[in-house]
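In full-length UniProt numbering, the protein residues as written are 1 to 99.
Have a look at this one:
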């Protein structure tokens, strides 16, 4: 399993803000660190998120709900989920008629 790090998520965030607008800045770096760590969470040595899809959802949900950035949390959470799935071999491409 490939996990995303702080630098990768910050790069996504800066790209999102640059292309779609919004106030720049990190509101709480600890909340961002928590979001980044969540997909790797375990309890009694078992993954709390056992597959790539639940890990991607946990990461995106944490970015969106923790609100670590001043602006762009939902956009960054969505793009982060897409990248997480992509680096783990999944692509979120839909046929044109389904877009």
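For each residue, glycine too, the CB sits at the ideal point set by N, CA and C. Predicted model, so just to flag it, every value in this text is computed and none were measured.
Tell me whether residue i is buried or exposed, calling it buried when 16 or more other Cβ atoms sit within 10 Å of its Cβ.
| i | result |
| --- | --- |
| residue 24 | exposed |
| residue 11 | exposed |
| residue 80 | buried |
Can you tell which of the options has the C-alpha that lies nearest to the C-alpha of residue i?
| i | options | result |
| --- | --- | --- |
| residue 28 | 88, 66, 74 and 53 | 66 |
| residue 63 | 4, 35 and 96 | 35 |
| residue 90 | 8, 7, 51 and 43 | 51 |
| residue 92 | 56, 72 and 46 | 56 |
Hey, how far is the Cα of residue i from the Cα of residue j?
| i | j | result |
| --- | --- | --- |
| residue 58 | residue 82 | 12 angstroms |
| residue 97 | residue 54 | 27 angstroms |
| residue 84 | residue 73 | 16 angstroms |
Cβ of residue i within 8 angstroms of Cβ of residue j?
| i | j | result |
| --- | --- | --- |
| residue 3 | residue 39 | yes |
| residue 88 | residue 1 | yes |
So, for residue i: in the same chain, excluding its five sequence neighbours on each side, which residues have a beta-carbon less than 7 angstroms away from its beta-carbon?
| i | result |
| --- | --- |
| residue 75 | 16 and 20 |
| residue 26 | 32, 68 and 69 |
| residue 13 | 69, 72 and 76 |
Considering only residues of the same chain and omitting the five flanking positions on each side of residue i, which have a CB-CB separation below 6 angstroms?
| i | result |
| --- | --- |
| residue 41 | 48 |
Answer with yes or no whether the minimum CB distance from residue i to chain C is below 8 angstroms.
| i | result |
| --- | --- |
| residue 67 | Looking at the structure shown, chain C is missing, and only one protein chain is on hand. |
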